[in-house]
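These notes are about the structure you will find just below.
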Amino acid sequence: VRVLSVVGARPQFVKLAPIARAMPGEVEHLIAHTGQHYDHNMSDAFFADLGIPAPEFNLGVGSGKHGAQTGAMLGGLEEVIEETTPDWVLVYGDTNSTLAAAIAAVKLHVPVAHLEAGLRSFNRRMPEEHNRVLTDHAADLLLAPTQVAMDHLATEGLAERSVLVGDVMTDVLFEVRDEVADAPLDLPVAVSDGEYYIATIHRPDNTDDPRRLRAIIDGIGKVGKPVVLLAHPRLRAQADKHGIALDAGSITVSEPLGYPQLVNAAARSAGVITDSGGLQKEAFLLRVPCTTLRPETEWVETVDLGWNVLVDKDFDRLAEVVERARPAATAAAPYGDGNAATAVVEALVARAK
Ligand code: UD1
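The UniProt record's numbering puts the first residue of the sequence shown at 52, with every later residue one more than the last.
As structure tokens, this is what we get:
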């Protein structure tokens, strides 16, 4: 069986790591990197830290408007798929790289498997929502992380193509959490365990409207403990463009961290403030309270279990929400037990034609 994994952006490298490791000898696993993320600390550092084999193909597509970026990937991936004739094209998550690979494969009649299928925000302003819905409907095998995702797929008439495999980000998180348990904190500001927060902001809805971005930064700046803001390139670019100082009040600005450093920093923090999907779930799995800067979330289990609170307006009150009391302990495991990658590989091998 030959599987071609297509990745391009930071969260996809994290999901690829446990899959690459779980591939048995009889599966030939090839990796194509679209080049959507290209900075060292957004891309190569993840391959190195997570022991991911170097991609066989790198399209070097880089940044651009959605259509131009996705279109460039589509053309490049068509060549790669024709050259490699895989049994499966495996696509990850919800980025433009995911959609491009799914379209390229389905047009060539090559089976597509979508890892992290069935997530929905029901917010049609989000590029990720377009990417997930379109990818799910193009794909032949839908690998769902949760029962909620399975239910969404069933509602859309896709139950027959769906398999519940669990969440592969849980696999890699548990592994890395154990590896960094004794590692020192690696942050640009001196902080002690449990006495600081980690923040990330990168969604266009939060970064591209200067009034909203300023309100968010002001709100975070009022938190009573140091906040380390891990600045995604888009956040920096938009803040520069609009003359917004990111280091307001309690905030110290940092470069994005590598994955092990991020897991370590999140695990020892008092809480996480984010608009990232992955980090909401990572916070929950590390049992760190999360405050999410969005009107809704795909990872509804984190909210239902009390570990995640959504704040979408009223950023004046953000500090109060961030500094709320810790929720009740829970043993719930809606994201599986850390063995999802094995289930994914088994599903691919069993269903290869
Ligand atoms: C993409 C995904 C998003 C995911 C995120 C993780 C889409 C539509 N969105 O958003 O789902 O959560 O990745 O980070 O695919 N840039 C650099 N260096 C890089 C990469 C990007 O400077 O290595 C800059 C570019 O100027 C670009 C901006 O960051 O304009 C945004 O990058 P882009 O690939 O468009 O999407 P993300 O916002 O990262």
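Using N, Cα and C, we set each Cβ at its ideal position, and we do this for glycine too.
Note that the structure is a prediction, hence the values are computed from the model and not measured.
Residue i vs residue j beta-carbon contact at 8 Å
{"i": "H253", "j": "H283", "result": "yes"}
{"i": "A250", "j": "V279", "result": "yes"}
{"i": "L193", "j": "S172", "result": "no"}
{"i": "T343", "j": "N359", "result": "yes"}
{"i": "V161", "j": "A398", "result": "no"}
{"i": "V57", "j": "V78", "result": "no"}
{"i": "V314", "j": "V227", "result": "yes"}
{"i": "Y386", "j": "S320", "result": "no"}
{"i": "L281", "j": "T258", "result": "no"}
{"i": "T149", "j": "N174", "result": "no"}
{"i": "A334", "j": "L356", "result": "no"}
{"i": "G169", "j": "A195", "result": "yes"}
{"i": "S301", "j": "K276", "result": "yes"}
{"i": "L204", "j": "A316", "result": "no"}
{"i": "L110", "j": "G86", "result": "yes"}
{"i": "P104", "j": "I132", "result": "no"}
{"i": "P311", "j": "G322", "result": "no"}
{"i": "E352", "j": "V199", "result": "yes"}
{"i": "V140", "j": "V163", "result": "yes"}
{"i": "D256", "j": "R338", "result": "no"}
{"i": "A403", "j": "D138", "result": "yes"}
Residue i - partner residues in DSSP beta bridges
{"i": "Y248", "result": "V278, G322"}
{"i": "I103", "result": "Paired residues: none, contrary to the question."}
{"i": "L192", "result": "A164"}
{"i": "W139", "result": "V54"}
{"i": "I82", "result": "S56"}
{"i": "N174", "result": "In DSSP, N174 forms no bridge with anything."}
{"i": "N109", "result": "H84"}
{"i": "N359", "result": "C341"}
{"i": "I302", "result": "V278"}
{"i": "V214", "result": "L194"}
Assumed close pair residue i, residue j - CB separation to whole angstroms, cut-off 8 Å
{"i": "Q63", "j": "T146", "result": "6 Å"}
{"i": "V349", "j": "G328", "result": "With the sequence shown as reference, residue 349 is identified as Glu, and Val is not the correct amino acid for it. Rounded, the Cβ-Cβ distance is 6 Å, consistent with contact."}
{"i": "F108", "j": "H84", "result": "7 Å"}
{"i": "G59", "j": "H88", "result": "6 Å"}
{"i": "L336", "j": "T221", "result": "6 Å"}
{"i": "V274", "j": "V142", "result": "37 Å between Cβ atoms; not a contact."}
{"i": "L166", "j": "V400", "result": "15 Å between Cβ atoms; not a contact."}
{"i": "R128", "j": "A151", "result": "Residue identity check: residue 128 is Leu in the sequence provided, not Arg. That pair is a contact at about 6 Å."}
{"i": "L264", "j": "A290", "result": "7 Å"}
{"i": "R345", "j": "D363", "result": "6 Å"}
{"i": "P75", "j": "H117", "result": "Not a contact, Cβ separation roughly 37 Å."}
Short CB-CB distance (under 8 Å) between residue i and chain B
{"i": "P340", "result": "Protein chain content of the structure displayed is limited to a single chain, and chain B is not contained in it."}
*Three CB pairs or more closer than 8 Å across the region 156 to 168 and the region 180 to 199*: The region 156 to 168, when compared against the region 180 to 199, does touch it at the 8 Å Cβ threshold.
*Report yes or no: do three or more beta-carbon pairs, one from the region 297 to 312 and one from the region 94 to 107, lie closer than 8 Å?*
Touching, yes.
*Any contact of the region 62 to 79 with the region 122 to 130, i.e. 3+ C-beta pairs under 8 Å?*
Under the three-pair Cβ rule at 8 Å, the region 62 to 79 does not count as touching the region 122 to 130.
*Inspect the CB distances between the region 262 to 282 and the region 369 to 376 and report whether three or more fall short of 8 Å.*
Touching, yes, given that three or more Cβ pairs across the two stretches are closer than 8 Å.
*Which residues have their C-beta within less than 5 Å of a heavy atom of ligand 1, listed in chain order?*
Chain-ordered, the residues whose CB falls short of 5 Å from any heavy atom of ligand 1 come out as A60, R61, Q87, H88, Y89, D90, M93, S114, T146, N147, P178, E179, P284, R285.
*Is it a yes or a no for the region 382 to 393 touching the region 221 to 231, going by three-plus beta-carbon pairs under 8 Å?*
With a cut-off of 8 Å, the region 221 to 231 and the region 382 to 393 count as touching, because enough Cβ pairs lie within range.
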